[in-house]
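Everything on this sheet refers to the single structure shown next.
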Amino acid sequence: MYQVVRKAEQNPAANRTVRFEGRDHGSGVSFFLVDNEPGQGPRLHVHPYTETWIVQSGEAEFTVGTEKTRAFAGDIVVAGAGIPHKFRNVGSSRLEIVCIHANDHIVQEFLEG
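Just so you know, we're using my numbering here: the sequence shown kicks off at -18 and counts up by one.
Okay, here's the thing in structure tokens:
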């Protein structure tokens, strides 16, 4: 069995981010395909499972727990379950990231307003 979700069917949000819920497609993982402008990124939040990011292009600053790091195209960043985190596009061009959620659906609790 396999499924193909064509680009035309992905329905990006206003900020061009695509949300994929694995359970809707027989998959045990979910993800966001992020395409952010400089300065954009999600507020501080937490998940009950690990999240793995693959930076495809641009430059991001990640806050994971109390630590900060920068990541660039080709870098992979992992945050453990239950650790608050966020990222922001700190570059001068678009930031494209795949945000992999180790769960068949996305469970996300925002900690900042």
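C-beta atoms are modelled at their ideal positions from N, C-alpha and C, and glycine is treated no differently.
Nothing here was measured: the structure is a model prediction, and the numbers come from that model.
Taking the alpha-carbon positions, what's the Phe91 to Gln21 distance?
Within the sequence shown, residue 91 is the residue found at index 110, counting from 1. Within the sequence shown, residue 21 is the residue found at index 40, counting from 1. Taking the straight line joining both Cα atoms gives about 16 angstroms.
C-alpha gap between Lys(-12) and Pro65, whole angstroms
The residue given as residue -12 occupies position 7 in the sequence shown. The residue given as residue 65 occupies position 84 in the sequence shown. One C-alpha to the other measures close to 31 angstroms.
Can you tell me where the beta strand (DSSP E) holding Asp16 begins and where it ends?
The residue you call residue 16 lines up with position 35 of the sequence shown. Segment Ser11 to Asn17, the beta strand (DSSP E) holding Asp16.
Suppose contacts are defined by Cβ-Cβ distances below 8 angstroms. Is Leu14 in contact with Val79 by that definition?
Looking up residue 14 in the sequence shown gives position 33. Looking up residue 79 in the sequence shown gives position 98. Yes, they are a contact pair.
Coil, strand or helix - Arg(-13) by DSSP
On the sequence shown, residue -13 is found 6 positions in, with the first residue counted as 1. Reduced to three states, the DSSP call for Arg(-13) is coil.
From Glu18 to Arg75, what distance separates their C-alpha atoms?
By 1-based counting over the sequence shown, the position of residue 18 is 37. By 1-based counting over the sequence shown, the position of residue 75 is 94. C-alpha separation (whole angstroms): 5 angstroms.
Alpha carbon of Ser8 to alpha carbon of Ser73, nearest angstrom:
The count along the sequence shown starts at 1 and reaches residue 8 at position 27. The count along the sequence shown starts at 1 and reaches residue 73 at position 92. Answer to the nearest angstrom: the Cα atoms are 35 angstroms apart.
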